[in-house]
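Chemist: Keeping their order, the protein sequence lines are chains A and B.
Residue numbers for the first sequence follow our numbering, so the first one is 55 and each next one is one higher.
Residue numbers for the second sequence follow our numbering, so the first one is 54 and each next one is one higher.
Heads up, the beta-carbon is just placed ideally off N, CA and C, and yes, glycines get one too.
So that we are looking at the same thing, I have put the structure below in structure tokens.
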Amino acid sequence: MNWIPIKRITKLGLTNFWRNRWLSLASTLVMTLTLLIISTFVVMTLVINKTTDRIKSKMDITVYFKDTATTEEIANLQQQLASRADVSEVKYISKEEALGIWQEQQKNQRIKELVSSTENPLPRSLAIKSTNPSELNNINDYLSTDDFSLIIHKISYEENKAIIDKLLAITSFVKKIGWLFSSLFIIVSVLVILNTIRLAIFTRKDEIEIMRLVGASDKFIKVPFVVEGSLYGVIASVLALVLMVIGIYVVIAPLVTQYLGAGVTENLKSFFTSHIFYIILIQFLVGIVIGIGCSMFSIRKYLKV
Amino acid sequence: MIELIGVSKSYNLEGAKSPKALDNINIHIGKGEFVSIVGQSGAGKSTLIKLLICEERPSTGKILIANRNIVQLKPSELPYFRRKVGVVFQDFKLLPQKTVYENVAFALEVCEAYPEEIHDKVPRILDLVGMLKCKDKLPGEISGGERQRVSIARALVHSPKILIADEPTGNLDPINAWEIIELLERINKRGTIVILATHNKAIVDRLKRRVILLKGGKIVSDQMKGGYVI
């Protein structure tokens, strides 16, 4: 492998970048902004997706029974449910257990005292876990039939479902806004970079002419511009990453700690560090693809060899 | 070595056919010749030069260089062809921010030459054109005649078989101009074909070498030891 042409081509590309440094800076900054926006939305979507998943996996159906339902009827239903393939676990919660859970959850002493073992309005219930959260709908349908309406007071599924649906709606909203902003900024950075490379080609007109005259091969004339373009991408992705780390650790983390507590901050940080390679990969790929794509386009359009 | 057979060239500008810039040109140039191509502005000198360095393609006809029809060269073959033909222009075409040495070395660098080759060749060529003493100067710091020498050095760096000079003395005073022509003659004596396009009568008359006179895109005369006649 002959490294000399590669070295010289890279050097020419770097020289281009430096000679047009103000324009290069503008291109790089616009690209940085684009990458930041893209990765911010990617992170937001990831966080919301993860939250939705977590809630989904924790989701179960709790069937609350009327006080008129007999223990036999409840045991019957429990058996029927347990025999279903899509049910992984059915747990009976007696009035006493329900009281225990209630008292554990309530911190306010006065509310705690509202319910006592002698005067216990809390219903008996069955907590049903499914093998797959998406099957919960079928179980819900099964329980909602008239056969059980006599003994069942309430099914909790509907409430949870509303929360999940809301989360899903937010996710899709964030995704749409993300696509909108990302494409807007991609368009802007593409235009800026196209123009920068075009100017670089014009300012180096004499040099290109001489290269042609002395018999420089095509790659020597064209590839330096591709190097220049990809440099925008590489520098921008590094800058975007640095800004993102600073943004999360210095700006967002203290705010989150102040308003949502240290636990959430830890979650956010660990989420960021565990997904950092994914974020770097996205930034790098988008940056390089835009940079190289733009320079290739400009070369085709403005560089006649 | 160089053969033009029935070469015509017309530029099509926006569909309208303009008169032919070159009309049925037939020239044969043998090894070691020094040929001056003369004629008024618009006679077709520049077009002929452009055809010879493959900058333009003829509308009809063949151009054989070393028995190869350069009209049919593929774009990927062009760089290799251009390395075998050195070209010098009136406006020197030197890079202002590079030194004399770097300007000449640049021609080798972009053609994938090894550093040892560059270190070896560039000083020798600069010495040949008498510019070794100025190797670290920028083109802005030397005279027009010296710049043209550097430009000739750059054209010679690939050891071409043919050197084409398009009005190389156009920007120079008579003394400097003559020095450049003497340099071209010296290069010619080493075996390189020199094709000189000029409208400098004094030079052509003094050279006493082959002169091809162009007028209106046609060859009017082709004399082996000619002078400048219009």
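#1: How is Lys190 (chain B) classed by DSSP in three states: helix, strand or coil?
#2: Find out if the Cβ-Cβ distance for the pair Gly244 (chain B), Gly139 (chain B) is shorter than 9 Å.
#3: So, is the C-beta of Phe159 (chain B) closer than 9 Å to a C-beta in chain A?
#4: In chain B, what lies closer than 7 Å to Ile58 (chain A) by C-beta?
#5: Taking only beta carbons into account, state which residues of the segment 205-239 of chain B come closer than 7 Å to chain A, listed in chain order.
#6: Closer than 8 Å is the cut-off here; do at least three beta carbon pairs connect the segment 124-134 of chain B with the segment 86-95 of chain B?
#7: Whole beta strand (DSSP E) runs in the segment 165-242 of chain A with 3 or more residues, listed along the chain?
#8: With 16 other CB atoms within 10 Å as the buried threshold, where does Asn70 (chain A) fall?
#9: Restricting to Cα atoms, I'd like to know which of B:Cys107, B:Asn224, B:Lys271 is closest to Ile285 (chain B).
#10: Measure the alpha-carbon distance for Val292 (chain A) versus Ala254 (chain A) and round it to whole angstroms.
#11: Closer than 9 Å between beta carbons: that is the criterion. Which residues of the segment 125-143 of chain B meet it against chain A?
#12: Under 9 Å between C-beta atoms, does Ile353 (chain A) make it to chain B?
#13: Ignore the nearest five residues each way along the sequence and tell me which others in Ser231 (chain A)'s own chain have a CB closer than 8 Å to its CB.
#14: With 9 Å as the limit, tell me which residues of the segment 260-279 of chain A have their beta carbon closer than that to any beta carbon of chain B; keep them in chain order.
#15: At 4 residues or longer, what runs of the alpha helix (DSSP H) sit wholly inside the segment 129-167 of chain A?
#16: Which residues mark the beginning and the end of the beta strand (DSSP E) in which Asp219 (chain B) is found?
#17: Within this structure, are the beta carbons of Ile58 (chain A) and Tyr167 (chain B) separated by less than 9 Å?
#18: Can you tell which of B:Leu267, B:Val182, B:Lys278 has its C-alpha closest to the C-alpha of Val257 (chain B)?
#19: What does the Cβ neighbour count give for Ser71 (chain B), buried or exposed, with the cut at 16 atoms within 10 Å?
#20: By Cβ distance below 8 Å, which residues in the same chain neighbour Met350 (chain A) in space, the five residues on each side in sequence not counted?
#21: Does Arg252 (chain A) have its Cβ less than 9 Å from a Cβ in chain B?
#22: Lys146 (chain B) versus chain A: which residues are under 9 Å apart at the beta carbon?
#23: Across the segment 222-238 of chain B and the segment 172-179 of chain B, are there enough close Cβ pairs to call them in contact, namely three or more that are closer than 8 Å?
#24: For Arg75 (chain A), would you say it is in contact with chain B, using Cβ-to-Cβ distances shorter than 9 Å as the test?
#25: Since I believe Glu150 (chain A) is in contact with Ser171 (chain A) (beta carbons under 8 Å), could you give me their beta-carbon distance rounded to a whole number of angstroms?
Modeler: Let me lay it out:
#1: coil
#2: no
#3: yes
#4: Glu165, Tyr167
#5: Arg207, His211
#6: no
#7: 179-184, 206-209
#8: buried
#9: This structure cannot settle anything about residue 285 (chain B), because the visible part of chain B is limited to 54 through 283.
#10: 23 Å
#11: Pro128, Ser129, Leu131, Pro132, Tyr133, Phe134, Arg135, Arg136, Lys137, Val138, Gly139, Val140, Phe142
#12: no
#13: Checking the displayed sequence, the identity of residue 231 (chain A) turns out to be Ile instead of Ser. Within the same chain, Ile231 (chain A) has close Cβ partners Phe95.
#14: Asp260, Glu261, Glu263, Ile264, Met265, Arg266, Leu267, Val268, Gly269, Ala270, Ser271, Asp272, Phe274, Ile275
#15: 149-159
#16: 215-219
#17: yes
#18: B:Lys278
#19: exposed
#20: Val280, Gly283
#21: no
#22: Asp260, Glu263, Ile264, Leu267
#23: no
#24: no
#25: 7 Å
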